[in-house]
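Data first, discussion second: the structure below is written as structure tokens.
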Amino acid sequence: MHLLNLPTRFVKVNFVNVAALLFAPTRLTSCWERGYCTGVTSNGEVNKARLAEEARRKYGNHVPTIFSKVIDKTIPADIIYEDEKCLAFRDISPQAPVHFLVIPRTPIPRISEAKDDEAQLLGHLLIVAKNVANKEGLQEGYRVGK
5 MHLLNLPTRF VKVNFVNVAA LLFAPTRLTS CWERGYCTGV TSNGEVNKAR
55 LAEEARRKYG NHVPTIFSKV IDKTIPADII YEDEKCLAFR DISPQAPVHF
105 LVIPRTPIPR ISEAKDDEAQ LLGHLLIVAK NVANKEGLQE GYRVGK
């Protein structure tokens, strides 16, 4: 599902994922070094526990995913943005010169399972994708994909 249909001249320019793709370790540079991280406080463990409990109540207990491991930093990732609601990191197997993923801290297993009260979070993911794309120098156009 492509949320933005652009002319074909933009198809291979850049790609921003706002959902799940496979990930493998890469060279690490923190989003703090780039100045992209905001809103992450020293009580991160408390926030992680709160978000995990929130997700369990909404979706039940799920086995840990590659994305939950990136979020809790048990798997290394090249994180380029982080806040209390989401995390953005570079794709290990990019399909364009700039290719990153934006994932919510509260798991949404499938867009078809998103709750109506998550509309603000879903909008936040798109705004973060736009802002990170700007910081990555993507003024000529980009795609947002599933």
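Each residue of the sequence shown is one higher than the one before, starting from 5 at the first, in the working numbering. Just so it is clear, CB atoms sit at the ideal spot from N, CA and C, and this is done for glycine as well.
* Tell me whether the beta-carbon of N51 lies closer than 8 Å to the beta-carbon of E88. => yes
* Taking the alpha-carbon positions, what's the A56 to I115 distance? -> 18 Å
* Nearest to V106 (by Cα), restricted to the options Q124, V132, L142 -> V132
* Express the C-alpha separation of I70 and P113 in angstroms, rounding to a whole number. => 12 Å
* With DSSP run on the structure shown, which of helix, strand or coil describes L55? -> helix
* To do: Please confirm whether R91 and R109 have their CB atoms less than 8 Å apart.
  => One point to set straight first is that residue 91 is Leu, not Arg, in the sequence displayed. Cβ distance < 8 Å, so L91 and R109 count as in contact.
* Asked: So, helix, strand or coil for V102, using DSSP?
  -> coil
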